[in-house]
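Residue numbers (full-length UniProt numbering): 1 to 520.
The beta carbon of each residue, even a glycine, is placed where N, CA and C say it ideally should be.
Small disclaimer: the values here were computed from a predicted structure and weren't measured.
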């Protein structure tokens, strides 16, 4: 079914008219040459004619875009009634300056002359103005009956109604969520509002918002927030990939395939997840070395890399242009895979232990990776050569080098990244291979940090110790916010993720629960 562009313009015109935007309506009609061609209410239009409300009738007739030939009788009656009221000047203006009366003058000169003579009389005589079998009321009735055959009407607020129907259909089809927050109709995404979708200031988590609970004998192995903030994705030990409403702790109900139980699924345990910048895709890595690319809206598999690694895929990340996926594995190797070709494009070798974390730099020119060998390597993404090798804490710890398990981009600081090792120290490293800053907690806080994440605005780095406490550091000053040292779980935290625009953080362990905390 095709939709005419003129119909869309008329919908906009009706909206403008109903919201009393008359000047805008006039300009739109003038520039497009398209008129609304309707009256608001046919019964009201007829009533206005019968009661002689001629200013309203003329406005409605103009909006209905009636042909001038159809308005001859109407204009004649208006002139006659103006003459009866002795308003001769406006009557003569209508007679001599309007298109319907010019049509009468050319096609029915005797009738036109009769009206001229009526306006020249010193007094009004209805016997002269109307034929023997007519009266003012009968003429109005005849004109009303003729004109209502020429006009049409449309239900009010058609544009709003159609958009509402469209939203309902998209919700029914699982294309958008009716739970995840206000929807921006213009941009086709969740609204970004200071109260509901954007935090103006980073705040450390301090209270539990909700908890996602997995069935018995199941637990998550990876989590990731979508860049638009709509979903929290989880990859489980039994291979399922699920998208959740992070506010309610329930599966996102706007995705039809999840409602139908047709979940995204890997053959083995899901060990890594990442969303594409556009939110269109989610990439999953598995324990058997396979990688799959999924369409978020449909849950269908868009691309497969059956031999991405020979062992467990520990991390995946999209390039900013979404053409490539970076992966790291327990085989000590990093690889870049082409999403168009479906092939492995580049390989980075040099780590001597499993790769634990890897990201692209903001400009896609560098790859930054961390490994259980304790090193952080900065690679040329084009040539695959290793430009810098950093071993955080080597000068203090000597041979007892802890493994590096997390490397994180810092929003607003494209030349720096955060590195977390199996120690009680966090490092900020630049792309030139220098450790710029480090911050620690006392040994009384535990033995090591298990995982870390950067808050949405890039002000804080959050880290969880093996004592199950959450620590918060200011990335610039290293100041530790003691108020944020809260116990987030009773189990060893395996990983965590910060919401991209809210002060919300999710944690997971080898247990069945994902506690989600908020700083609001």
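Taking 8 Å as the cut-off, the Cβ atoms of residue 84 and residue 124 count as close. Counted as a single uninterrupted DSSP element, the alpha helix (DSSP H) harbouring residue 22 occupies residues 22-32. Around the beta carbon of residue 217, a 10 Å sphere encloses fewer than 16 other beta carbons of the protein chains shown; the residue is thus reported as exposed.
Between residue 441 and residue 480 a beta carbon distance of about 6 Å is seen, short of the 8 Å cut, so the two are scored as contacting. The UniProt repeat "WD" (348-389) is shown to contain no whole alpha helix (DSSP H) run of 4 or more residues.
Taking the Cβ atoms as the reference, residue 38 lies roughly 6 Å from residue 64, within the contact range of under 8 Å. For residue 500, there is no enclosing alpha helix (DSSP H), as DSSP gives it neither H nor E. It is roughly 12 Å from the alpha-carbon of residue 256 to the alpha-carbon of residue 169. Counting along the chain, the unbroken beta strand (DSSP E) around residue 213 starts and ends at 207-213. Contact annotation: residue 316 and residue 272 have beta-carbon atoms nearer than 8 Å. Residue burial annotation: residue 128 is exposed, with fewer than 16 other C-beta atoms found within 10 angstroms of its C-beta. Within the same chain, and ignoring the five residues on either side of residue 238 in sequence, the residues whose Cβ sits closer than 6 Å to its Cβ are 218. Judged by DSSP in its simplified three-state form, residue 478 adopts coil rather than helix or strand. Three or more Cβ pairs closer than 8 Å define a contact, and the region 87-97 falls short of that threshold against the region 55-71. When C-alpha distances from residue 52 are compared across 300, 108, 30, 144, the shortest belongs to 144. Looking at the DSSP output, residue 108 bridges to nothing.
Straight across, the Cα-Cα distance linking residue 41 with residue 78 is about 21 Å. Distance check between residue 407 and each of 388, 36, 400, 418 places 418 closest, using alpha-carbon atoms only.
Secondary-structure assignment with DSSP links residue 324 through a beta bridge to 338.
With respect to the 8 Å criterion, residue 318 and residue 333 are not classified as neighbours on the basis of their beta carbons.
Apart from sequence neighbours up to five positions away, the residues of its chain that approach residue 437 with a beta-carbon distance below 7 Å are 428, 478, ordered along the chain. Taking C-beta atoms under 8 Å as the contact rule, residue 507 and residue 493 qualify, at a distance of about 5 Å. The Cβ-Cβ distance between residue 224 and residue 274 falls below 8 Å. DSSP places residue 45 within a helical segment (H, G or I) once states are collapsed to three. Residue 374 sits buried, since 16 or more C-beta atoms from the chains shown fall within 10 Å of its C-beta.
Annotated three-state conformation of residue 514 is strand, per DSSP. The beta-carbon distance between residue 329 and residue 355, rounded to whole angstroms, is 6 Å. This is short enough to meet the 8 Å contact definition. Sorting 463, 422, 36 by C-alpha distance to the C-alpha of residue 447 places 422 at the top. If you look at residue 280, you'll find it isn't in any alpha helix (DSSP H); DSSP assigns it neither H nor E.
Proximity to residue 391 across 130, 420, 409 peaks at 420, based on C-alpha coordinates.
Between residue 295 and residue 305, the gap from beta carbon to beta carbon reaches 8 Å or more. Buried is the label assigned to residue 204, since at least 16 other Cβ atoms lie within 10 Å of its Cβ.
Here residue 132 is exposed. Its C-beta has fewer than 16 other C-beta atoms within 10 Å. Judged by DSSP secondary structure, residue 227 falls outside any beta strand (DSSP E); it is assigned neither H nor E. Where residue 95 is concerned, the enclosing alpha helix (DSSP H) starts and stops at 88-97.
The continuous stretches of beta strand (DSSP E) do not include residue 237, and DSSP gives it neither H nor E.
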